[in-house]
Amino acid sequence: MPRVADILAGKIGQVHTLSADHSVYDAVQRMVEHNIGSLVVLEDGLIAGIFTERDVLYKVAGTGLDPATRIETLMTPRPTTLKPGHRLADALNKMVADGCRHIPIVDEGGRPLGVVSVRRIVDGGAAANNLLMQFQAD
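Whatever position you read off the sequence shown (first residue = 1), add 1096 for my numbering.
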């Protein structure tokens, strides 16, 4: 069964982060610059929250919100996290259960190693394709 580590192969440690005191403008700029759908929000090196494209869509766009607003007021605090040894099926199940599209992956100390997204799973190569085929067969 494919593991989260399979989808992150070669990308462990490549996680885009910001501190909670950054502005919405800073966060959106970074997401656009790196073509990513989420940023892990850190406090003292540990995950305090996650700020995603859905936060931008539902909490920012068209609301008249000041772009200088700090992301800590809009992020999802204490998001679900998984470890690299979890199965990809666990990640998909968590996404469905929690209504999210991004799950931070952490080491034993809770430090971020990467983010698994629906897009990364779909684009994830053989391991992800095998998992998706198993879901289709059920």
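Ideal placement from N, C-alpha and C gives every residue a C-beta, glycine not left out.
Please state if the CB of V1100 and the CB of H1182 are separated by a distance shorter than 8 Å. yes
In the DSSP assignment, what are the bridge partners of G1145? V1137, P1173
Closest to V1192 by CA distance: which of S1213, E1204, L1135 is it? S1213
For a quick check, are the C-beta atoms of L1178 and F1147 less than 8 Å apart? no
Are the beta-carbon atoms of S1160 and E1149 separated by less than 8 Å? Sequence check: residue 1160 is Gly here, not Ser. No, these two residues do not count as a Cβ contact at 8 Å.
What is the DSSP secondary structure of L1104, reduced to helix, strand or coil? coil
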